[in-house]
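These protein sequence lines map, in sequence, to chains Z and W.
Reading the first sequence from the start, the letters are residues 13 to 494 in my numbering.
Reading the second sequence from the start, the letters are residues 84 to 522 in my numbering.
Structure record follows, encoded as structure tokens.
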Amino acid sequence: MGKGSVQLDELISQEYRHGFYTPLDADAVPRGLSEDVIRLISAKKQEPAFMLEWRLKAFRHWLTMSEPHWATVHHPPIDYQDIVYYSAPRGKGDGPKSLAEVDPELLRTYEKLGVPLQERELLAGVAVDAVFDSVSVATTFKDKLASLGIVFCSFSEAVRDHPDLVQEYLGSVVPYTDNFFATLNSAVFSDGSFCYIPPGVRCPMELSTYFRINAKNTGQFERTLIIADRGAYVSYLEGCTAPMRDENQLHAAVVELIAREGAEIKYSTVQNWYPGDKEGKGGIYNFVTKRGDCREANSKISWTQVETGSAITWKYPSVILRGDNSVGEFHSVALTNHWQQADTGTKMIHLGRNTRSTILSKGISAGHGSNAYRGLVKVAKSAAGARNYTQCDSLLLGDRCAAHTFPYIEVKNPTARVEHEASTSRIGEDQLFYCQSRGISAEDAVSLIVSGFCKEVFKQLPMEFAVEAQKLLGVSLEGSIG
Amino acid sequence: MRVAPAEPCVPGFLSAYPALAPRLPGAAVPWLRRCRDEAMERFAALGLPTSRDEDWKYTSVAAIARRAFGVAAAVDLSDELHAMVSRHAMVGTHRMVFVDGHFVPGLSQAMPLPAGAWVGSLAQALDTRAVDAEAFFAAADEATDGFAALNAAFWSDGAWMDLAAGVALEVPVHLLFVTTRSDLAVFPRNLIRVGAGASATVIEHHVGPEGVAYLGDTVTRIVLGRGARVAHTKLQQEGRKGFHVAAVAAEQGQDSSFVSHAFAFGGQLARAAIATRLGAEGCDARLSGLYVGSGRQHIDHHTCIDHASPRGTSRELYKGVLDEAARAVFNGRVIVRPDAQRSDALQSNRNLLLSEDAEVDTKPQLEIWADDVKCAHGATVGQLDADQLHYLRARGIGEGDARALLIRAFAADALAGIEHGPLRVRLESLLPGALPEAA
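Pasting the structure below:
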């Protein structure tokens, strides 16, 4: 393995490819957090009174909470008063009406990232609601979606144009009291995406948002709210890359999904924020609360995630299976390299009858990376006939990495069937040998084996994302084989 | 001599300790007295665990904390006691009987032991081997929760087994712990040291009266030398109102083999923490268990297999059968430390829920810090297979018998590896499938 190790080291030591920084004139509020800052954010965004009240309630509750420390991650203490809670790229006052009005610097950044914002978007068939730092700068395909009655816009626009929907659903899945980071988000969230699919409508294209963190020291607190009304279907893609930065950045997003009767939401994420350098310096702290609510019968929510970035990932996309016969799915690939730490998993809360959930988690650890699966499968007494299948596999590349599995299973109904399986192993030397003896280089062999390991998850991704995910994994892993 | 009965558990023990300490075994041995004092300080700091402690998330000990328990100073040898001992005795074993925490030679039965094997009362052994035991105690008393600290402070007696290198103890040692009265707290402590190449079979057996509440808080510590082999069976048949908290901790030497069986049938709240540390190369650990609950029983097993050295192998299988409003907790932790390469760990927990009100909370847990390992775990929760029931019924077997047969088949796996005949027969008679509802 000696030669392989050298190549692996080269691969492992690759620098973050998306590390560029676009100097933009940011319209930032002062550092720190207080009621005044929240009022300022709300005022800047010209929000109605109910939003400000909600933010303030969340802030007051946040003051009573303490930061959780149960996850198997380690980081220096976060100074919440040393964060800029809002920054918006300066536009022409009312926001751009077309791409021509968008800051060319911004467009160039997207171009470097390969965001299909112009002609490419047509070819790719993707409607992009790009969040650059905190304000939505361009939204495409709006007309086509609007003709079907689909609302797909930035959160600020939704607050302005559809306050009734926002008021009805905001916080109904992740209440402002939920947890430390979600509460913080509720108080200070700057923007995000909003999506409403009316009854019986099948969204004709994949909806997509690229989140980026750009202005220095700006924690990003987006909020996403997706509602699929009766019988509706939507597939939503979220992808992230972030420029290289030295200081750790806090990122505490909240995503709420609501599926009503017979509706289906498919939410896919590729997360590749800056993971820190080889010594573990810098990188994004990604503390995210994502939760879906299968509120009515026969609904389905499916989470698919590929997590390759961030210094720390703390994320448990969950599904509350409230409606009878509802289905929850979680497919995840999490990769940690260098000094990255991931504590991720899911919660499947079975409340309705004949609810089903599937959990498929693939963790890959390399370098000094630490990767934990933490999941909860809860079958309430009311959930007769509930069914869960969980599989968590970990692959270890290198002798200084770690992989942990913490599955919590709570069953209160005897008709439930719950199965959990997990395995941990390193990449098979026999498999490597087999490939190499057929003339495949060690590096390619590793890449091949790892993509085989992740295949079941990748095939859940929409095509556009599957390609990106494969590439990301290749970049992050090349040479991690040793 | 009673702990002030009006006081609830924690302050009761704190206030009882100063008066009791001078009369506990080894009070004249300075280092032991220091161990006990330190343990009491730890208990004062820790108190009893609460559901805020991750290890006690699913098990509330409020029912214990609310009560006041006393400590028995002497033993009454009643007829019922004799009957109880003979009911639980097993033929062909070296039997040591402890009543309310005190060794009773009159009820025990000694078998000829090979040279180099010392099996006796810990309290008595301290008089003769005090110096030898100090290191053992220091290591054993790293109390991490209030119950372990309580035991370290209050232990009254238990077995002391010391096997010299190469001694094969063919006769199983049957340690029978009997509690006789309500509101007693008993604190047995067993220390078992098995030298290089030596081997022993130990049955740790807890029984108590029906219908009354008492607390058994046991600690057993086992140290295995190079190539030693120990088979430890914990058989818990406390009364249905009894509280049982037990810890078994093994420390394995190179190429040693530790086999642990845990059977839990009794108690209203029973908790067993079984841990082994594969401290040198080439260890083998096999843990299996069966818990059977009904009524409102709460049965908790926490196991920890710590692969601290390379080339260790561990296998673990725990099964549970829960009926009525019983609740079981299983937490199986497998750790593979950095550099514990070539570790091979398999773990499985399977649960059968027989009623609407039964509950299982299971958490198999892997913490892997090395890369060249093979680790897997699995957990299932389900009910009897409808197809299998149908198959049996289609062949003319009544529903009750069919259910009993399937339950018994499910549970019987846990007996694999029990070699001692009388123990096996005893366990078979205790298996569910003889459950009333299935009869």
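Quick reminder that beta carbons are idealized off the backbone N, C-alpha and C, glycines included.
When you compare the CB of residue i with every CB in chain Z, is at least one pair closer than 7 Å?
i	result
W:ILE286	no
W:ALA459	yes
W:ILE451	yes
W:LEU429	no
W:GLU442	yes
W:THR142	no
W:LYS402	no
W:ASP455	yes
W:ILE438	Reading the sequence as shown, one finds Ser at residue 438 of chain W and not Ile. Chain Z contact via Cβ: present.
W:ALA494	no
Per DSSP, which residues does residue i bridge with? Please list them.
i	result
W:MET179	W:LEU258
W:LYS317	W:GLU287, W:ALA345
W:LEU131	In the DSSP output, where bridge partners are listed per residue, W:LEU131 has none listed.
Z:ARG419	Rather than Arg, the amino acid found at residue 419 of chain Z in this sequence is Pro. DSSP, once it has assigned bridges, lists Z:GLY387 as partnering Z:PRO419.
W:ASN414	W:HIS385, W:LYS446
W:GLY376	W:LEU405
W:TRP243	W:GLY203, W:LEU274
W:ASN434	W:GLY403, W:VAL464
Z:ALA271	Z:ALA240, Z:CYS306
W:TYR474	Its beta-bridge partners do not exist; DSSP assigns none.
Z:ILE332	Z:ASP305, Z:ILE361
Starting from the Cα of residue i, find the closest Cα among the options and give me that residue.
i	options	result
Z:SER382	Z:GLN232, Z:GLU47, Z:ASN366, Z:ALA346	Z:ALA346
Z:ALA70	Z:PRO42, Z:ALA457, Z:ILE50, Z:GLU59	Z:ILE50
W:GLU442	W:ALA345, W:ARG379, W:SER265	W:ARG379
W:PHE96	W:ALA127, W:PRO113, W:VAL277	W:ALA127
W:LEU160	W:PRO188, W:LEU258, W:ALA148, W:ILE147	W:PRO188
Z:GLY357	Z:HIS350, Z:SER369, Z:GLY364, Z:PHE342	Z:PHE342
W:ASP183	W:VAL158, W:HIS171, W:VAL342	W:VAL158
Z:ALA244	Z:CYS306, Z:PHE201, Z:PHE299, Z:VAL266	Z:CYS306
Z:THR76	Z:GLY397, Z:THR195, Z:PHE445, Z:PHE470	Z:THR195
Z:CYS215	Z:THR427, Z:GLU480, Z:ARG242, Z:SER463	Z:ARG242
Z:SER11	Z:ASN284, Z:LEU177, Z:VAL178	With chain Z covering 13 to 494 only, the question about residue 11 of chain Z has no answer from this structure.
Z:TRP74	Z:GLU47, Z:HIS86, Z:TRP326, Z:LEU52	Z:GLU47
Using a Cβ-Cβ cutoff of less than 7 Å, which residues in the same chain neighbour residue i once the five nearest sequence positions on both sides are dropped?
i	result
Z:CYS447	ALA457, LEU460
W:LEU449	VAL417, CYS458, HIS460
Z:MET475	none
How about residue i: is its C-beta nearer than 7 Å to some C-beta of chain W?
i	result
Z:THR301	no
Z:GLY397	no
Z:ILE421	yes
Z:PHE477	no
Z:PRO496	No answer is possible for residue 496 of chain Z: the residues shown for chain Z start at 13 and end at 494.
Z:PHE445	no
Z:LEU262	no
Z:THR417	yes
Z:THR436	yes
Z:HIS86	no
Z:HIS432	yes
Z:ILE493	In this prediction, Z:ILE493 has a pLDDT of 49, which is less than 50 and means its spatial position is unreliable; what the coordinates show is noted afterwards. By this cut-off, Z:ILE493 is not an interface position.
Would residue i pass as a contact of residue j if the rule is Cβ separation under 7 Å?
i	j	result
Z:TYR92	Z:LEU45	yes
Z:PHE192	Z:GLU79	yes
Z:ILE313	Z:ILE371	no
W:VAL412	W:THR142	yes
Z:TYR297	Z:LEU262	yes
W:CYS118	W:PHE220	yes
Z:SER369	Z:ASN400	yes
W:ALA200	W:LEU259	no
Note down, in chain order, each residue of its chain lying with its Cβ closer than 8 Å to the Cβ of residue i, except the 5 sequence neighbours on either side.
i	result
Z:ASN310	GLU273, GLY274, GLY335, ASP336, ASN337, SER338
Looking only at its chain, what residues have a beta carbon closer than 6 Å to the beta carbon of residue i, apart from the 5 residues adjacent to it on each side?
i	result
Z:CYS466	VAL345, LYS374
W:ARG394	GLU364, GLY365, ARG425
W:SER343	HIS315, ILE357, LEU370
W:GLN192	ARG178
Z:ASP258	In this predicted model, Z:ASP258 has a pLDDT of only 45, less than 50, meaning its place in the structure is not dependable enough to derive any value.
W:ALA428	SER397, VAL417, CYS458
W:ALA329	THR301, ALA355
For residue i, verify whether its CB is less than 6 Å away from any heavy atom of the ligand FMN.
i	result
W:ARG369	Within the structure as shown, the ligand FMN is missing, as the structure has no ligands at all.
Any C-beta of chain A within less than 8 Å: which residues of the segment 465-485 of chain W qualify?
The structure shown has no chain A; the protein chains it does contain are Z and W.
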